[in-house]
Each structure stands twice: as C-alpha cells, then as structure tokens.
Amino acid sequence: MANRVKFLLLALVALLFSGCVNEPKPYDYSPLLSAKPRSILVLMPTNESLEPKGSSAVLANATLPLSEAGYYVFPVALVNDTFKFNGVSEASEIHQIPLHKLKEIFNPDAVLYINVKTYGTNYAIISSATTVALEAKLVEANSGTLLWEHSAVATNQGQNNGNIFAMMIVAAIQQIADSVSDAGFGISAWADNLLFMPDCNGCLLRGEYSPNFRQDRQLAK
Amino acid sequence: MKTSIFILLGALFFAGCASAPKQIYHWDASYASSVYEYLNEEGDVNEQIANLENLTQKAYQKGAKVPPGLYAHLGLLYSNLGERAKAVANFDKEIALFPESRKYMEFLKHQGAKKQTSKSLKGAKNGK
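Just so you know, the sequences run in chain order A and B.
At position 128 of the first sequence (counting the first as 1) the number is 128 in this note's numbering, and the numbers step up by one without a gap.
Position in the second sequence (first residue = 1) + 1000 = this note's numbering.
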C-alpha cells in the first residue's frame, strides 16, 4: 500500500515536470494591457469560404461573447449600414478603410478584423461535419498597434470544451441556434464563443465592463 | 443509475452557479438572430422590433442590463420605418447606458437630419 502511494506521488511529480517542459510560451499581453481598450468596433468579416452567409453569421454572433468579456461592442448591423450608405459594402473594402476615418465616425478604442477561414459542411462517407474556422486581429484605433490575435475552430462533431465561461453561455447560444434554421449559424455562434472566451494562454483579456476585469487566469502567474 | 447521474449533474450545475460569475447582460434568442436576418436583408422589421422591445422589457423586469448595441439596433429598425423620433430616443438610450457610443450616435442623429448626404467614407478606401 505504502509503495503504491509512493509510486503515485512519483508519477504526479513526473507529470508536473513534464507539464513544465511542454508548457507553451506565455502570450505577450503587454500591448493589450497598456492600451486598455473599452470599446471595440467589429467590422464585417472577410470570408474565404464559398458560403456567402458566413460573414454575417459570424458577425451577428460576435456581440454576445465580446460583450460578456466586458467590452462595449458597437452595434454591428448599424455599423455595417453606415458603411453601405457611404458606398462601401464589401468586407475586403471595409477592412481597407484607414483607421483615422473609423476614429472620426465611430471613435472606437480598438478595431477587430475577423477572417472566416472555413465555413460550411464537409460531406464524408461516415458522417458529415459543419466547421467554422476563424482568425481575428484586434488593433488599437489610434496607432494601429496589434493588441491581440487569436484563432478558433468549431465543429458540430463531438467537441467538448471544459471552459466554465463557454458552458455558461451555452444556453443563450443554443436558443439562438434553435431560432435560426441553418447549422452554420449555430456553429458560428460556437466559433465566436471559442474565439473570445477568457482564461487561457492566448485568450482575450476581459474588458472594464466585466466584474472580473484584470482577474484573468493567465495573468495570475 | 440514471437518477444518480441526474443528481450528479444537478450538483455540478449548482457548483457552477456558486463559482462562475453571472452573465453581465440579459440575452435571448432574438438579438443575434435579428441582427443576422437584418444583415442578410431577410425577415420582418416589425417582428424584429417586437422581439427586441420584448427583450428590453424582460431585462427591465429582471433588473438585468440591456446588452451593448441593442438600443442602437432598435433605433436603426425604427429609423428604417421612418419613425425618426423613436430612432433618436433609442440612440439616446444607448448613449446613456454606454457613453463610448456617443460620437457614433451623434453622427447618426446628425446624418439622419441631413438625410445621409455625407459621403465621408467614400474614396477613402486606400491604405490602412
């Protein structure tokens, strides 16, 4: 019995050290920490997939997780209409608008550029999966400094994410997904959720509207 | 067997409640799907307005916060129906809740008054 306990302890110690070796390099949060953005302007995502609704589904679902992360998110449909009324309707064109112009009209602290890498259903012999893959860049609105970048992939094929924050908003996401018929919409809600979830190395830090501002797990080291 | 799983799940659920922070805002199905429909130029504007007004009422009854952008989005829908006064009232609510929106909301109120003659973004597509 005592031997077994010893063995277990050794195994635990071994695990601990292997953990240290394999630990990824800590994400550099210094630009984000010093810029302290309160408000984020989310632009219509560019879309590399063949599904035209990919951009709007990802954009519509970005507001919830970003707001719950503690940021003011400019109303995405209204922002997009403002571009449209001014003759800019393509996402790729919107992404080219100079920051000082965005600052003039919206006055955001930061601008978020999202690209939809993958959006759609792959039909395979055994089963088919709907996948949404996103990459995002958050840029400081005055200087253009890159504050944060991250990517996320969501698929409806057996994924289990243990993050408590992700679990918390499952209910809201599920309701949203159920109310709209296409699968891609629901999966893009998941993808946005994963993209903006807190508390991992590389995850977005919470904003000032969050009661847990500056209590992100990855900062407590 | 099954009951024990349910009890376990129940316990997990409550443990989650105790340790996890509550959501900051009140959300329901209508917001993101309204935005999605709007972006795709689908759906009925009056129905979207009814859903979002209902969401704000529920938030109010629960003493919960209305999410960022929701009043502004309502303002947009009213503006599209030509209900200028209601649009402006909702833009003002957005400012009251989230002062970060002030500059943009003032721009919209001003733009509405000018019937969108501003072309300030056009021709400014080159270079970041």
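Think of the CB as a built atom: it goes at the ideal place given N, C-alpha and C, for glycine as much as any other residue.
- Listed as beta-bridge partners of A/H150 by DSSP are A/A136.
- Straight-line spacing of the CA atoms in B/Y1071 and A/M197 works out to 25 Å.
- At least one beta carbon of chain A lies nearer than 8 Å to the beta carbon of B/H1073.
- In chain B, no part has a C-beta under 8 Å from the C-beta of A/N47; the shortest such distance is about 13 Å.
- When B/E1083, B/A1050, B/G1075 are compared, the shortest CA-CA separation from B/I1095 is found for B/G1075.
- Cβ contact annotation for A/A69 (same chain, cutoff 7 Å, sequence separation greater than five): F196, P198, L204, R206, G207, S210, in chain order.
- When Cβ-Cβ separations below 8 Å define contact, A/V132 makes no contact with chain B.
- For the 8 Å CB-CB criterion, A/V88 and A/A62 do not form a contact.
- For the region 1026-1041 of chain B, the beta-carbon criterion of a distance under 7 Å to any beta-carbon of chain A is satisfied by W1027, D1028, A1029, A1032, S1033, V1035, Y1036, Y1038, L1039, N1040.
- At a cut-off of 8 Å between beta-carbon atoms, A/A183 makes no contact with chain B.
- Inter-residue distance for B/Y1031 and B/L1052 is about 7 Å (C-alpha atoms, whole angstroms).
- DSSP places A/S34 outside any beta strand (DSSP E); the residue lies instead in the alpha helix (DSSP H), whose first and last residues are 30-35.
- DSSP, read as helix, strand or coil, puts A/I105 in helix.
- Approximately 7 Å separates the beta-carbon atoms of A/Y113 and A/V139; this is inside 8 Å, confirming the contact.
- Against chain B, the CB of A/I187 has no partner CB under 8 Å away; the residue lies outside that interface.
- As a beta-bridge residue in DSSP terms, A/L41 pairs with A/V111.
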